[in-house]
Amino acid sequence: MKTIRTIQKIFLPILILTYVVTSCTETIEFEFNPVVKPEIVVEGHVPALGYAEVILSKTTEINSNYPQDNLIKNALVAIEDNSGISETLAEVSPGHYRSNKIQGIPGLTYKLTIQTKESQTVINSMDVMPEPVSINRLRARRSILPEVEGVKMPDWEVIVEYTDPANEVNYYRFVEYVNGKVIASYVEDDKLNNGKDNKSFLTNFDRQLAPGDTLTIEMQSISEAVYNYFYSFSYLNQLVQGTVKTNPITNIDGAELGYFSAYAATKKSIVIE
Amino acid sequence: MCFVPTILSQTKYTINGVVTDVTNGETLPGATITVEELPGVGTASNAYGYFALTLPEGSYTLKIQYIGYQTINFPVNINQNLYWNFKIESIATSIQEIEVTTYHPDNRIHTNNIGVEKIQISEIKNIPVFFGERDILKTITLKPGITSVRDGQSGIHVRGGNNSQNLVLLDETTVYYPYHLLGFFSTFNSEAIKDITIYKGTAPTSYGGRISSVMDIRMKDGNNQSFEVNGSLGLIASNLSVEGPIVKERGSFLVAGRRTYVDMLLKMTKDPELSNKTLNFYDLNAKVNFTINRKNRIFLSAYTGRDALRIPNHVGVSWGNQIVSFKWNHIWHDKVFSNTSVHYSDFDYMVDFEFEPSTFSLYSELKDLCFKHEFQFFLGKNNRLNLGFDLKSYNITPGQLIAEEDAIIHPVKIKDKTARERSVYFSNEIKTSSNWIINFGIRFNFFSVYGIGTYYIYTDGLVTDSLKHIAKSPVKTYFNPERRVNITHVIDNKQSVKMAYSNHSQNIHKISSSDASLPIDIWLMSSTNVKPEISDQFTAGYFRNFHQNMYQFSAETYFKWMHDAIDLRTGGNIKANEHIEGELLFGHGRSYGLELLLKKTTGKLHGWLGYNLSRTELSIIGINEGAWYPARQDMTNDISVVGLYDFSDKWTLSATWVYQTGNAVTFPSGKYEINGEVRYNYDKRNANRMPDYHRLDVGLTWNLNTKGRYKSSLNFSVYNAYARKNAFSIDFKQDPANPDQTIAVMTYLFTIIPSITYNFHF
């Protein structure tokens, strides 16, 4: 049985209300924990109609330069799909591996296998690519949330409208670009609104937009496992978890950090007025 | 059952009655009645002020003592059964100024109480307050072993237990969410409350249902002598109470109300957007009692309170408790007292979302109805037996999503959960002639889950089995015999040693997504997946009084095991989730510590000094690979200092200072980059500490009118007087000036908060 998380997003406003009291922040002197053993980080993508890409790195000291020394070179990275195609990815730049042959197709299952000198065990993962869903309408408007002194409120609201397919369980990841640069990403499921015409509010307290900016939303259809991974980073989850900080739930076996996502995406852009 | 080989042929008579305050007729529970001629013989009044003492025929001097009251010596010739009501006078209201009494009552050495704290509301009236509101749930956290979750948040940890493991009772009725404004204040209006007793360890067998503590809060009965009005005007709230006789000496009433005006403050802000917000709470307490005759007395208490927070066109949240209880005290016989009561408690919350194009709501409710019947037998001069049972029925409506046809979401309706809990209990307290007090008892608890429907079995969060239940019989029944023993050895008049073992079970569980308690937390019952939480606690302590009881010292150690503790899976969803039980993790907890308390009870300078050295750890399957790790509330050192100084009858200065080791939290060790963003690696659960917490509060009470009928006072309080920035949370981000460096950003809520309250009485 699958987990249901969507409803938590409706708790966001309540949690904001909790902090309506003037809270203040301040940078403090802090002694960080040392890195005892560097962990391997896997970032793997198979986009629909695109080449597979995998980035391998290691965690580093919290105040060291990043990431030059921490990319994992000369690893054996292989991907195979359930149509029988398999390929060993070429290292196109240090730590970056890319396919030449394999291109993502919705409905297919992708298997990732990684062997590195850094790890005794073979790292592997699997993901199924969902069907793409397109954005009907993209809007941006000035926030109508009230201003409260001392409390940061979002300046802009971005609303994505789409029609959720009724016959399947869907998970989405919205990647937000401003003038071509990635700003943030958001995840959503359809547990409570399956088959509905949806209006998704992408809540971002740090979003800054100016007239003339191009806002692009890439809507990725993702698997449940990838949704769970990104959900861990969501602003809402951070609020709900409070000070209980944990690493996200990964779909990688043999490594603690990272994810492997086979996704199908559609895009829409608007120019801010 | 005679442990004392007294002269059996002697004729014995019983003196019984009620101990009350002479000025307002309030009953005084826990007043001690001792016999000067027979050391070690005595009794204490019960929760309704009733006592009975059986003595051999003869002439005696009875000594009636109660903290804060003048001790009276009552010469009596016992040659028949006697009914006598003792009316004693509070030191505070006594007309003649008795500066130094040579004898201070003791309520610690000779009582068989360990891990128990009792606070009368009158004791705390001069303690500095937060935002002008006296709050009994805030004050109790100044006692060792009791800590609050965080600044501005609700929740109390008692001896390492989490905040859902405290049984909060108002006139013996469960209060499910005793907080206003998401935790700034408790729901207990100090004008309506008589006292609070907290059982940190062994609670009497008449209490059950939570594994950490019992907080027994009693409402005032109301003045049965004359009419009285009390009130206060504070910065954010005001309250008013009226009490008086219905029939003088025989019946009285009390009505107390309180409301905030935070929304009025919002209206004063320059932002017009804010002025239409709702942010308020109110509560109302009412109580009536009537003494029908010497043998029968009835009580009716009620409480209602509600919070409302609303931003138009966005969201509205409201929650509240409704409580009613009816009690009937009956004296069957001089030595047999009974209380029969019916209790109803209801907690609900409603969240309205007013997003375009349509609105939807989330609603949840918890109700319980309880019937309780208890007998107290005052056997012999040193034997007391309690016998009783209670029947409780629960109904939980889990988070329901209510949505119109055209709403952007589908409605979700999860089946109500119902259960019945039956308990039968007894306890017997025996005082031996060799200065031992032994209390042993057992509470048999049966908890049965009912309801037709499908019950799922989860393994690792997945449904692995399901069970269709169509019968009216229970789906699942848990039985727990809760064993409790208290032993006190009174070494002499100044010192005693005590020890206790207790076993508690809990079938109503609360699942929070954070450590603070929120009104939207989820209530669950024990079920096919969730087992009852069980605690076992051993306590041992040494109690010593000095200087005619002016100084009281105690040292207590405890070791508590918590079995079948419940935690939420990382990222687990708890709202409107039919399969919430699949999101839970189970494990064990343990907590141990040493609590020291030194109290100066009287004099111009009085107060206490508390210290707690403790450790609380959890071992949960699925977290930290099942290994023990510090619970968030693990607090190595906890110090509280409470000092009150009466300059004169016009001025009282007070100060409280607390120091606590920072909470156990997880800080990152290492960083990495993914999707072009820097992320942190959290590996060891709760291996780090927040900065230590400390805070000084100062208060000054100025009694404006002390003579005459109209009395008034001004209370000035400064919360966090030296403006310590206590960390609420610490977050990490890359230094914008140097992206290689990580900076720690601390959020704190309050620095210095002054407040002023005007109190009046006539």
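Residue numbers (numbering that gives the first Met the number 0), protein chains in the order written: chain A, 0 to 272; chain B, 0 to 761.
Glycine included, every Cβ here is placed at the ideal spot set by N, Cα and C.
Residues sharing a beta bridge with Val17/B, DSSP = Stepping through the second sequence from its first residue, residue 17/B is reached at position 18. Answer is Tyr49/B, bridged to Val17/B.
Are Asn223/B and Gly24/B closer than 9 Å when you measure CB to CB?
-> In the second sequence, the residue the question calls residue 223/B occupies position 224. In the second sequence, the residue the question calls residue 24/B occupies position 25. The Cβ-Cβ distance between Asn223/B and Gly24/B falls below 9 Å.
Can you check whether the CB of Tyr393/B is closer than 9 Å to the CB of Asn444/B?
-> By 1-based counting over the second sequence, the position of residue 444/B is 445. By 1-based counting over the second sequence, the position of residue 393/B is 394. The answer is no: Cβ separation not under 9 Å.
Hey, out of Glu132/B, Pro753/B, Asn162/B, Ser525/B, whose CA is closest to Leu232/B's CA?
-> The residue labelled residue 232/B in the question sits at position 233 within the second sequence. Considering only alpha carbons, the answer is Glu132/B.
Using CA coordinates, which residue listed in Lys706/B, Glu171/B, Arg631/B, Thr290/B is at the minimum distance from Phe252/B?
-> Your numbering for residue 252/B matches position 253 in the second sequence. Ranking Lys706/B, Glu171/B, Arg631/B, Thr290/B by Cα distance to Phe252/B puts Thr290/B first.
Under 9 Å between C-beta atoms of Thr245/A and Thr665/B | Your numbering for residue 245/A matches position 246 in the first sequence. Your numbering for residue 665/B matches position 666 in the second sequence. The answer is yes: Cβ separation under 9 Å.
Beta bridge counterpart(s) of Lys416/B as assigned by DSSP = Locating residue 416/B in the second sequence gives position 417, counting from the first residue. Bridge partners of Lys416/B: Ile395/B.
Does the beta-carbon of Asp220/B have 16 or more other beta-carbons within 10 angstroms, so that it is buried, or is it exposed?
-> Here residue 220/B is taken as the residue at index 221 of the second sequence, counted from 1. Burial is judged here by how many other beta carbons sit within 10 angstroms of a residue's own beta carbon; Asp220/B has at least 16 and is buried.
Does the beta carbon of Asn674/B sit closer than 9 Å to a beta carbon anywhere in chain A?
-> Taking the second sequence and counting its residues from 1, one reaches residue 674/B at position 675. Asn674/B counts as touching chain A.
Any C-beta of chain B under 9 Å from that of Asn192/A | The residue given as residue 192/A occupies position 193 in the first sequence. True, the Cβ-Cβ gap to chain B drops below 9 Å.
Inter-stretch contact at 8 Å, needing at least 3 Cβ pairs: the segment 574-593 of chain B / the segment 622-630 of chain B | A contact exists between the segment 574-593 of chain B and the segment 622-630 of chain B.
Cβ of Phe259/A within 9 Å of any chain B Cβ | Here residue 259/A is taken as the residue at index 260 of the first sequence, counted from 1. At least 9 Å separates the CB of Phe259/A from every CB of chain B.
How many Å lie between Gly41/B and Gln69/B at the Cα?
-> Mapped onto the second sequence, residue 41/B falls at position 42. Mapped onto the second sequence, residue 69/B falls at position 70. Looking at the backbone, the Cα of Gly41/B and that of Gln69/B are separated by about 18 Å.
Can you name the start and end residues of the alpha helix (DSSP H) that Thr303/B belongs to?
-> Counting from one through the second sequence, the residue named residue 303/B turns up at place 304. Unbroken run through Thr303/B is the beta strand (DSSP E), 295-310; no alpha helix (DSSP H).
From Tyr557/B to Ser534/B, what does the alpha carbon distance come to, in whole angstroms?
-> Here the question's residue 557/B lines up with position 558 in the second sequence. Here the question's residue 534/B lines up with position 535 in the second sequence. The alpha-carbon atoms of Tyr557/B and Ser534/B are separated by roughly 12 Å.
Can you name the residues that DSSP bridges to Ala139/A?
-> As a working mapping, residue 139/A is identified with position 140 in the first sequence. Answer by DSSP bridge pairing, in chain order: Val157/A.
C-alpha distance - Asn69/A paired with Val121/A, whole-angstrom precision = For this step, residue 69/A is matched to residue 70 along the first sequence. For this step, residue 121/A is matched to residue 122 along the first sequence. For Asn69/A and Val121/A, the distance between alpha carbons rounds to 19 Å.
is_contact[Lys244/A, chain B] using C-beta, thresh 9 Å = Mapped onto the first sequence, residue 244/A falls at position 245. For Lys244/A, the nearest CB of chain B lies under 9 Å from its own CB, placing it at the interface with that chain.
Can you grab the Cα-Cα spacing for the pair Asn106/B / Leu27/B, in whole Å?
-> Residue 106/B sits at position 107 when you count from the first residue of the second sequence. Residue 27/B sits at position 28 when you count from the first residue of the second sequence. Roughly 13 Å separates the two Cα atoms.
Out of curiosity, what's the CA-to-CA distance linking Val411/B and Ser199/A?
-> Start at 1 with the first residue of the second sequence, and residue 411/B comes out as number 412. Start at 1 with the first residue of the first sequence, and residue 199/A comes out as number 200. In a straight line, the C-alpha of Val411/B is about 19 Å away from that of Ser199/A.
Test item: CB-CB of Asn284/B and Leu299/B under 9 Å = Here the question's residue 284/B lines up with position 285 in the second sequence. Here the question's residue 299/B lines up with position 300 in the second sequence. Contact: no.
Closest Cα partner of Phe280/B within the set Val316/B, Glu624/B, Thr339/B, Leu361/B = Taking the first residue of the second sequence as 1, we reach residue 280/B at position 281. Out of Val316/B, Glu624/B, Thr339/B, Leu361/B, Val316/B has the C-alpha closest to the C-alpha of Phe280/B.
Quick one: which chain B residues come within Cβ less than 8 Å of Ser63/A?
-> As a position in the first sequence, residue 63/A is number 64, starting the count at 1. Within chain B, the residues near Ser63/A are Asp739.
Does DSSP put Gly581/B in a helix, a strand or coil?
-> As a position in the second sequence, residue 581/B is number 582, starting the count at 1. Residue state, collapsed to three classes: helix.
Which runs of the beta strand (DSSP E), 3 residues or longer, sit entirely within the segment 624-680 of chain B?
-> Taken in chain order, the complete beta strand (DSSP E) segments of 3 or more residues contained in the segment 624-680 of chain B are 636-645, 650-659, 670-673, 676-679.
Report all residues from its chain with a CB closer than 6 Å to the CB of Thr173/B; omit the five preceding and five following residues, and keep chain order.
-> Sequence index remark: in the second sequence, residue 173/B carries index 174 (1-based). The beta carbon of Thr173/B sits closer than 6 Å to the beta carbons of Ser344 from its chain, once the five residues preceding and following it are set aside; these are given in chain order.
Would a check of beta-carbon distances place Leu748/B closer than 9 Å to chain A?
-> The residue labelled residue 748/B in the question sits at position 749 within the second sequence. Cβ-Cβ to chain A under 9 Å: yes for Leu748/B.
Along chain B, in chain order, which residues have C-beta atoms closer than 9 Å to that of Thr115/A?
-> Indexing the first sequence from 1 puts residue 115/A at position 116. Within chain B, no residue comes near Thr115/A; the closest Cβ sits about 15 Å away, beyond 9 Å.
Simplified DSSP assignment, three categories, for Glu86/A = Here residue 86/A is taken as the residue at index 87 of the first sequence, counted from 1. Strand, per DSSP.
Is it right to say Ser709/B is buried, meaning 16 or more other beta carbons lie within 10 angstroms of its own, or is it exposed?
-> Here the question's residue 709/B lines up with position 710 in the second sequence. Strictly speaking, residue 709/B in this sequence is Tyr, with Ser absent from that position. Tyr709/B should be labelled exposed.
Do the CB positions of Gly144/B and Ala499/B come within less than 9 Å of each other?
-> The residue labelled residue 144/B in the question sits at position 145 within the second sequence. The residue labelled residue 499/B in the question sits at position 500 within the second sequence. Going by C-beta atoms, Gly144/B is not nearer than 9 Å to Ala499/B.
Taking only beta carbons into account, state which residues of the segment 381-413 of chain B come closer than 8 Å to chain A, listed in chain order.
-> Against chain A - using a Cβ distance shorter than 8 Å - the residues of the segment 381-413 of chain B are Gly398, Leu400, Ile407, Ile408, His409, Val411.
Based on the DSSP secondary-structure assignment, which residues constitute the bridge partners of Ser89/B?
-> For the purposes of this step, residue 89/B is taken as the residue at position 90 of the second sequence. Partner(s): Tyr68/B.
Under a CB-based cut-off of 9 Å, is Pro37/A close to chain B?
-> In the first sequence, counting from the first residue as 1, residue 37/A sits at position 38. Look at Pro37/A: its C-beta is under 9 Å from a C-beta on chain B.
How would you label Tyr198/B, buried or exposed, when you count the other beta carbons within 10 angstroms and need 16 or more for buried?
-> Here residue 198/B refers to the residue found at position 199 of the second sequence. Label assigned to Tyr198/B: buried.
Can you give me the start and stop residues for the beta strand (DSSP E) that Ala263/A sits inside?
-> What you label residue 263/A is simply residue 264 of the first sequence in a count that begins at 1. Note, Ala263/A: beta strand (DSSP E), 256-270.
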